[in-house]
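Chemist: Protein chains in written order, with the working numbering: chain A, 1390 to 1960; chain B, 163 to 403.
Heads up, the beta-carbon is just placed ideally off N, CA and C, and yes, glycines get one too.
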């Protein structure tokens, strides 16, 4: 404590902390600046990924708009970008960095320099990815799952050797960056908690970030090994995954390595999103989480189970049918902890006094869409119906109801909720509400029809449905989806304009706790200064969600209070 | 919206689809109804101060968890049963059963290639490795009411043989042989798709499943692969319909 005190003391003596522009805004070690950098980079990549989606959706409504290899490349990059360069950096890098230290009452991350390196590695990976899209020979176009031998053998698809190598390199850099972030999240949450903040008093958001980081660290290592093997196959012509006469590699091995990572990866982005929803919903429903412990334990169980379900992506891919049965059982059963979490989320509203701010609207829509996303997972997890649904548009529908909900709806809920804290300003409420409703309508307009295409047996990653007689009659569904997705992207671009406008010219918000929320970040000034707490330090006295509880005659009780550091030392 | 099922065992898959999708729709509608009620009942203008506890009736919503568990268990039961019939039993065992029951079967080797399918037939004698074997591109001709045993592999990259009308799909993997089988019961011409991304023209990797009546098939196999008149007559017949 004395060390921190001396740093802070120094900081106070020197008045306003003097830092050069570069140290303050570019190579900053401040967790809030790094969080904003992640957020900004993620937003830029989201525009890129979204634009790709519009291009290939236009091709689906109007075949011939793109060439075949362009179509495949656009689909590939859309998937990879939305997962690795949008959802992960924004939810973990952005919100995790910004909020974990504030929520646990720390002054910064445990390893601030590592944190800075983590962001710049991520930035480099984004640059490499964008370059890989434009290199001569063409972008990688083998699907975001990078299945060999298609991905391992440049002769099998036109050109794209350099594009593939750079794509894999960008992935490896991104993983390295997220690993550094994960180390930071776990260490920070376990060691730098404010006095009195026991594990079971942590806001659910922090729990979810820690679980996500753990899942990521455990699952990514085999894939990094796999990625190196795949690079060797491509560059040196080894036969880990490639098959040639006499030299037989095993393409299915890659699928195991990929999905052993790939399934926990979904929860790596799902958990932080659920964390955001719990924070927003408790605040605007004025009710504590219905059974905090149940949510924490159910998430831990789901996290562990997530390591035992990966082969449900490979039921008909030539794995032993008996083991497919086992994976089907674990997959279907993982719906139990998640249904518990969602029921707890729904009952958090019950008995509340619900105020539908833009953040709450987005959170509520996200919750509702998660119900659809979860239930449509069952026909895919049950091994027999998956014979039919595997690699059809039913899968496309299912993962847009989960991943879009995670990466867009929950994220935007978080942006509206913490915007005053991040920037000391407000986004216009009326605009936010219109934004929420339009997003909901256009999102369902493009994602829900996918289930019908899936029922009709439409395979995914088809540049057009018109080649097949049994699919031609559903072309109007593609047209509807394309129109909706264009309107959806247009809505989000208007939002981004308003977002950036509000950062610089939104209504000023001087009240540190505009939503009357309980967790520690709302005790800090908006925006919090470097090292967050100035001459004070937070002390925690109760659980994170004391709204309307125990019949006390107050609306809410903050989780802790700020204490002057001298008093702390005496005590 | 499911395409017409022309196989004897497709109903097993359809049953799981109907149960899982239908059950999901019912649970979804109930959940949404409860959610709407809660959001409406506890909106700020109606309920300005939050209650100190969840109303007892609403606490019963946790029973949805038990409904989910029961739903999951039934789903696993019907699903695993269908999967057992299709894939867990070794193909050799199924073949033996088919022969024991006095039913007829044909065999065919399927090879996925960029970007077409080849179908190798054992010819008149029904045995592979004899001179009357022949290969056709993009057309799988099988007799009605016969079991069809497919040996599946790929020549270059991974493909996936998807025949929606008989509810089967399985990956064709280079360097590996996989199996699937079905029993078509209705003559006609149906489409075969590739369900695993395999390169540029993945979406054009179309083949046909032609199910002929037993006599037509006999006529065809006598002079196959040169006998196309049977297939032509057959196409005309379909066109007239």
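Less than 8 Å between the C-beta atoms of residue 355 (chain B) and residue 324 (chain B), yes or no?
Modeler: By 1-based counting over the second chain, the position of residue 355 (chain B) is 193. By 1-based counting over the second chain, the position of residue 324 (chain B) is 162. Yes, these two residues count as a Cβ contact at 8 Å.
Chemist: Spatial neighbours of residue 1832 (chain A) within its chain, please: CB distance less than 7 Å, with the 5 preceding and 5 following residues excluded, ordered by chain position.
Modeler: Reading the first chain from its first residue, position 443 is the one you call residue 1832 (chain A). Same-chain partners within the cutoff: 1793 and 1877.
Chemist: Taking the continuous alpha helix (DSSP H) assigned at residue 1652 (chain A), which residues delimit it?
Modeler: Here residue 1652 (chain A) refers to the residue found at position 263 when the first chain is read from its first residue. First-last of the alpha helix (DSSP H) with residue 1652 (chain A): 1640 to 1674.
Chemist: Against residue 1706 (chain A), what residues of chain B qualify as contacts under a CB-to-CB distance less than 7 Å, listed in chain order?
Modeler: Residue mapping note: residue 1706 (chain A) aligns to position 317 of the first chain, counting from 1. Result: 333.
Chemist: List, in chain order, every chain B residue whose beta-carbon is nearer than 8 Å to that of residue 1671 (chain A).
Modeler: The sequence position of residue 1671 (chain A) within the first chain is 282, counting from 1. Within chain B, no residue comes near residue 1671 (chain A); the closest Cβ sits about 11 Å away, beyond 8 Å.
Chemist: Please report whether the beta-carbon of residue 364 (chain B) lies at a distance below 8 Å from any beta-carbon of chain A.
Modeler: The count along the second chain starts at 1 and reaches residue 364 (chain B) at position 202. Cβ-Cβ to chain A under 8 Å: yes for residue 364 (chain B).
Chemist: For the candidate residues B:275, B:373, B:345 and B:303, whose alpha-carbon lies nearest to that of residue 174 (chain B)?
Modeler: Mapped onto the second chain, residue 174 (chain B) falls at position 12. Considering only alpha carbons, the answer is B:345.
Chemist: If the cut-off is 8 Å on Cβ atoms, which residues from the segment 196 to 222 of chain B count as contacting chain A, listed in chain order?
Modeler: Residues 196, 197, 200, 201, 204, 205, 206, 209, 210, 211, 212, 213, 214, 215, 216, 217, 220 and 221.
Chemist: Strictly under 8 Å for the Cβ-Cβ distance: is residue 236 (chain B) near chain A by that measure?
Modeler: Locating residue 236 (chain B) in the second chain gives position 74, counting from the first residue. Chain A, which has no Cβ nearer than 8 Å to the Cβ of residue 236 (chain B), makes this no.
Chemist: Using the C-alpha atoms, what's the distance from residue 1840 (chain A) back to residue 1849 (chain A)?
Modeler: Numbered from its first residue, the first chain carries residue 1849 (chain A) at position 460. Numbered from its first residue, the first chain carries residue 1840 (chain A) at position 451. Between residue 1849 (chain A) and residue 1840 (chain A), the C-alpha separation is close to 12 Å.
Chemist: May I have the straight-line CA-CA distance separating residue 1742 (chain A) from residue 210 (chain B), to the nearest angstrom?
Modeler: As a position in the first chain, residue 1742 (chain A) is number 353, starting the count at 1. As a position in the second chain, residue 210 (chain B) is number 48, starting the count at 1. Approximately 6 Å, taken between the alpha carbons.
Chemist: By the criterion of Cβ-Cβ separation under 7 Å, what are the contact partners of residue 329 (chain B) in chain A?
Modeler: Here residue 329 (chain B) corresponds to residue number 167 of the second chain, with the count starting at 1. Correct list: 1776 and 1777.
Chemist: Apart from the five residues just before and just after residue 1961 (chain A), which ones in its own chain have a Cβ nearer than 7 Å to its Cβ?
Modeler: With chain A running from 1390 to 1960 in the structure shown, residue 1961 (chain A) is simply not present.
Chemist: Out of A:1903, A:1821, A:1796 and A:1908, which has the shortest C-alpha to C-alpha gap to residue 1468 (chain A)?
Modeler: Mapped onto the first chain, residue 1468 (chain A) falls at position 79. Of A:1903, A:1821, A:1796 and A:1908, the residue nearest in Cα terms is A:1796.
Chemist: Contact check, residue 1702 (chain A) vs residue 1648 (chain A) under 8 Å by CB: the rounded distance?
Modeler: Taking the first residue of the first chain as 1, we reach residue 1702 (chain A) at position 313. Taking the first residue of the first chain as 1, we reach residue 1648 (chain A) at position 259. 5 Å between Cβ atoms; contact.
Chemist: Would you say residue 1713 (chain A) and residue 1784 (chain A) are within 8 Å of each other, going by their C-beta atoms?
Modeler: For the purposes of this step, residue 1713 (chain A) is identified with residue 324 of the first chain, where counting begins at 1. For the purposes of this step, residue 1784 (chain A) is identified with residue 395 of the first chain, where counting begins at 1. Going by C-beta atoms, residue 1713 (chain A) is not nearer than 8 Å to residue 1784 (chain A).
Chemist: Closer than 8 Å, CB to CB, is residue 259 (chain B) near chain A or not?
Modeler: Here residue 259 (chain B) refers to the residue found at position 97 when the second chain is read from its first residue. Residue 259 (chain B) does not count as touching chain A.
Chemist: Going by C-alpha to C-alpha distance, which of A:1489, A:1775 and A:1808 sits closest to residue 1902 (chain A)?
Modeler: Looking up residue 1902 (chain A) in the first chain gives position 513. It is A:1808 whose Cα lies nearest to the Cα of residue 1902 (chain A).
Chemist: By DSSP, does residue 1548 (chain A) sit in helix, in strand, or in coil?
Modeler: Your numbering for residue 1548 (chain A) matches position 159 in the first chain. Only weak support exists for where residue 1548 (chain A) lies, its pLDDT of 48 falling under 50; the value from the coordinates is given anyway. In this structure, residue 1548 (chain A) counts as coil in the three-state DSSP scheme.
Chemist: For residue 1497 (chain A), which residues in chain B fall below 9 Å Cβ to Cβ?
Modeler: Residue numbering aside, residue 1497 (chain A) sits at position 108 when the first chain is read from its first letter. What residue 1497 (chain A) touches in chain B: nothing, since even the nearest Cβ is about 35 Å away.
Chemist: Compare the C-beta of residue 1548 (chain A) with all C-beta atoms of chain B and state if any pair is closer than 8 Å.
Modeler: The residue labelled residue 1548 (chain A) in the question sits at position 159 within the first chain. Summary for residue 1548 (chain A): the model assigns pLDDT 48, below 50, so the residue's position carries little reliability; its value from the coordinates is reported in the next sentence. No, residue 1548 (chain A) does not count as interfacial toward chain B.
Chemist: Per DSSP, what are the beta-bridge partners of residue 356 (chain B) in this structure?
Modeler: Numbered from its first residue, the second chain carries residue 356 (chain B) at position 194. Answer by DSSP bridge pairing, in chain order: B:323.
Chemist: Run through the DSSP bridge pairs and tell me what residue 132 (chain B) is partnered with.
Modeler: As shown, chain B starts at 163 and ends at 403. That puts residue 132 (chain B) outside it, with no answer to give.
Chemist: For residue 1951 (chain A), report the span of its beta strand (DSSP E) as first-last.
Modeler: Your numbering for residue 1951 (chain A) matches position 562 in the first chain. 1949 to 1953 is the span of the beta strand (DSSP E), which, as asked, contains residue 1951 (chain A).
Chemist: Would you say residue 1395 (chain A) faces chain B, with C-beta separation under 8 Å as the test?
Modeler: If you number the first chain from 1, residue 1395 (chain A) lands on position 6. Low per-residue confidence applies at residue 1395 (chain A): pLDDT is 47, beneath 50, and the placement is therefore not dependable enough to give any value.
Chemist: Please name the residue in A:1780, A:1451 and A:1721 whose C-alpha comes closest to that of residue 1694 (chain A).
Modeler: Mapped onto the first chain, residue 1694 (chain A) falls at position 305. Of A:1780, A:1451 and A:1721, the residue nearest in Cα terms is A:1721.
Chemist: Compute the beta-carbon to beta-carbon distance between residue 309 (chain B) and residue 377 (chain B), rounded to the nearest angstrom, for a pair I have assumed lies under 8 Å.
Modeler: What you label residue 309 (chain B) is simply residue 147 of the second chain in a count that begins at 1. What you label residue 377 (chain B) is simply residue 215 of the second chain in a count that begins at 1. Contact flag wrong, Cβ pair sits at about 18 Å.
Chemist: Does DSSP put residue 267 (chain B) in a helix, in a strand, or in coil?
Modeler: Start at 1 with the first residue of the second chain, and residue 267 (chain B) comes out as number 105. Note: residue 267 (chain B) maps to strand in three-state DSSP.
Chemist: Check whether the segment 1759 to 1776 of chain A touches the segment 189 to 205 of chain B, taking contact to mean three or more Cβ pairs, one atom from each stretch, closer than 8 Å.
Modeler: Enough Cβ pairs lie closer than 8 Å, so yes.
Chemist: Based on Cα-Cα distance, which residue from B:278, B:283, B:326 and B:271 lies nearest to residue 171 (chain B)?
Modeler: As a first step, residue 171 (chain B) must be located in the second chain, where it is residue number 9. Ranking B:278, B:283, B:326 and B:271 by Cα distance to residue 171 (chain B) puts B:326 first.
Chemist: Sorted by chain position, which residues of the same chain lie with C-beta nearer than 6 Å to residue 319 (chain B)'s C-beta, five sequence neighbours on each side aside?
Modeler: Counted from its first residue, the second chain places residue 319 (chain B) at position 157. Excluding positions up to five away in sequence, the list reads 360.
Chemist: Three Cβ pairs or more, each shorter than 8 Å: is that satisfied between the segment 1604 to 1619 of chain A and the segment 1670 to 1683 of chain A?
Modeler: Contact fails: fewer than three Cβ-Cβ distances are below 8 Å.
Chemist: List, in order along the chain, the chain D residues whose C-beta lies closer than 8 Å to that of residue 1857 (chain A)?
Modeler: Considering every chain present, this structure includes no chain D. Its protein chains are A and B.
Chemist: What does a CB cutoff of less than 6 Å around residue 1500 (chain A) pick up in its chain, not counting 5 residues either side in sequence?
Modeler: In the first chain, the residue the question calls residue 1500 (chain A) occupies position 111. Excluding residues within five positions, the ones whose Cβ falls inside 6 Å are 1573.
Chemist: Using a Cβ-Cβ cut-off of 6 Å (strictly less than) and excluding sequence neighbours within five positions of residue 1594 (chain A), which residues of its own chain qualify?
Modeler: Within the first chain, residue 1594 (chain A) is the residue found at index 205, counting from 1. Cβ neighbours of residue 1594 (chain A) beyond the five flanking positions: 1664 and 1668.
Chemist: Considering residue 1517 (chain A), what are the terminal residues of the beta strand (DSSP E) in which it resides?
Modeler: Within the first chain, residue 1517 (chain A) is the residue found at index 128, counting from 1. No beta strand (DSSP E) contains residue 1517 (chain A), which is instead part of the alpha helix (DSSP H) from 1501 to 1523.
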